[in-house]
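Quick notes on the structure that follows.
Residue numbers (my numbering), protein chains in the order written: chain E, 1 to 395; chain A, 1 to 200.
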């Protein structure tokens, strides 16, 4: 085993950052970038790692998969970086994996995705389907009904989420009344047309796997055609505070999201992190599930680097599996065998302030199971007795 | 390509799939075992040999290397043995020949990576099932073909012996079968054998 030369050299520890500042999913990625910056500043304020500063090398891939790959290689070869945080859509992660595997670098990926992946060189801190899609399906099919309309962005993650949802609908003898995929850059008119079709079909709820800029379009179109979220909500595992900030609370109110984190979580760690974030980036800044994963993965990384006194990926991979951290959502843990993260699934409903009222929560953190094909609905989602009246919140 | 309405049964049943891994405990072996466990299969590892497969084995993942070439696995080639996915380290003709003898539908290259194993399993199980179904279908066709041939021969004999038409010969065979409460091909067989006995 080679010792890490870069880890022993003086000077800052450089970490590559690949979040987009422009492009279709930049709203969420921008919050991930700022979360990474906040965490790095916190780590440095606390004395850095082994007396060395953490220095971020931020490059902007503009939501183009090829650029993620090119910039990842640039970070490794020109900036001598061994650790990269970033990527959002699966296409961007798939583009970077061959690069980090070839150079034995390490990617920290903080976005929910469709599962069925394990790379020794990736740490996955976002939710796997058994931690978001599955709870959402169980909750919605139990409490709203099983006539479901599906709308998603036209790429792999929505297909897989809809497969999981479809299986669970069929199991209950329910009905998939519509399955629509719109291009990532679809315009307002396409969403308006979809909303009109939904109104005509009158499903029990809408399962949305739309990502990025399409999300505000969908929710606005829904409001535009006069649909009532309290009677027929859109349920999503991607719609977060970042998109609500764009569409406005008035449009978002009543719709439902499953995630391992909402800004409204009432923990000491979350209140402090949100306060520090707003003090640094502005009082109007909202946090979200992707923000939180981007934030806590930096602290997990710093902790791992302290333990092995290095930023060498091979050494870090000896301590990262099994490592725990008190994240804003609660205590998280990197699984020993699949490099994914134990998370705390929640079901939230947007209130009039544009924040999530938590209407369902897993009784304990849930192990990520990225390779599960046949899902078994978690009991807590069907046994929950949420107050779904207009002003309802956590019991 | 259209997405199927439902998840294929082979994938749904992966968590109850029993996999036998015949592989040394090296880095490839560890990677295989870890990925199979991530996928959620029930795994048993053997090395160097396994003379009797555990009951219910649904898939074998097996190292094909110079040292395995001389090994003899008694269950290989038996009609009841499950599909084999060879893990190949060499691409020389001798090793490839050994792989071909396993009737594999897909292979896993060494060094083993986590990526690709799930697809290899799905391909192997699906093709194996299809091939089994095809074999059974061919068996049935062959049996049917043999019966038809026998009946044809018997008809020919009856036509010549009795001087009747083909249709009349067939009706004679049929009524004999009904009288004796036997299959028409049984009666036909008796006639053909009797005829052969007499033809000296």
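Glycine residues also receive a C-beta, built at the ideal position from the N, C-alpha and C atoms.
| Asked | Found |
| --- | --- |
| Three-way DSSP call (helix, strand, coil) for residue 20(E) in this model | coil |
| 6 Å Cβ shell around residue 56(E) - same chain, five flanking residues per side excluded | 15, 17 and 40 |
| Continuous alpha helix (DSSP H) stretch holding residue 197(A): start and end | 184-198 |
| Residue of 164(A), 35(A), 160(A) and 56(A) minimising C-alpha distance to residue 195(A) | 160(A) |
| Segment contact flag, the region 257-264 of chain E with the region 231-247 of chain E, C-beta cutoff 8 Å, min 3 pairs | yes |
| Residue-level contact to chain E via CB, residue 188(A), 8 Å cutoff | no |
| Chain E contact residues for residue 34(A), given Cβ-Cβ distances below 8 Å | 337 |
| 6 Å Cβ shell around residue 184(E) - same chain, five flanking residues per side excluded | 24 and 153 |
| Reference residue 83(E); option with closest CA among 381(E), 311(E) and 188(E) | 311(E) |
| At least 3 beta-carbon pairs within less than 8 Å: the region 170-189 of chain A vs the region 125-143 of chain A | no |
| Backbone secondary structure at residue 153(E) - three-state DSSP | strand |
| Per-residue contacts from residue 118(E) into chain A (C-beta, under 9 Å) | 34, 35, 38, 114 and 115 |
| Reduced DSSP category for residue 54(A) - H, G, I as helix; E, B as strand; rest coil | coil |
| Amino acids of chain E, ordered along the chain, whose beta-carbon sits closer than 9 Å to that of residue 12(A) | 167, 373 and 374 |
| Neighbouring residues, chain A, relative to residue 170(E) (Cβ below 7 Å) | 6 |
| Within-8 Å CB hit, residue 125(A) to chain E | no |
| Residue 18(A) in three-state terms, based on DSSP | strand |
| Range of the contiguous beta strand (DSSP E) that encloses residue 42(A) | 42-46 |
| Exposed unless 16 or more other CB atoms sit within 10 angstroms - verdict on residue 173(E) | exposed |
| CB contact flag (residue 286(E), residue 249(E), <8 Å) | no |
| Those runs of the beta strand (DSSP E) which lie wholly inside the region 100-143 of chain A and span at least 3 residues | none |
| Simplified DSSP assignment, three categories, for residue 52(E) | strand |
| Partner residues on chain B for residue 118(A), Cβ-Cβ distance less than 9 Å | Included in the structure are the protein chains E and A, with no chain B among them. |
| Chain-ordered chain A contacts of residue 163(E) [CB-CB under 7 Å] | 7 |
| Cβ shell of residue 61(E) (< 6 Å), same chain only, five flanking positions each side left out | 18, 20, 67, 68 and 71 |
| Cα-Cα separation, residue 267(E) to residue 198(E) | 38 Å |
| Minimum Cβ-Cβ distance from residue 15(A) to chain E less than 8 Å | yes |
| Local conformation of residue 33(E) per DSSP, three classes | helix |
| Delimiting residues of the beta strand (DSSP E) encompassing residue 361(E) | 356-361 |
| Simplified DSSP state of residue 62(A), which is helix, strand or coil | strand |
| Length of the line joining the Cα atoms of residue 350(E) and residue 53(A) | 56 Å |
| Same chain only: Cβ atoms within 8 Å of residue 71(A), ignoring 5 sequence neighbours per side | 48 and 49 |
| Whole alpha helix (DSSP H) elements within the region 82-137 of chain E, 4-residue minimum | 90-102 |
| Where residue 336(E) falls: helix, strand or coil (DSSP) | coil |
| Local conformation of residue 320(E) per DSSP, three classes | coil |
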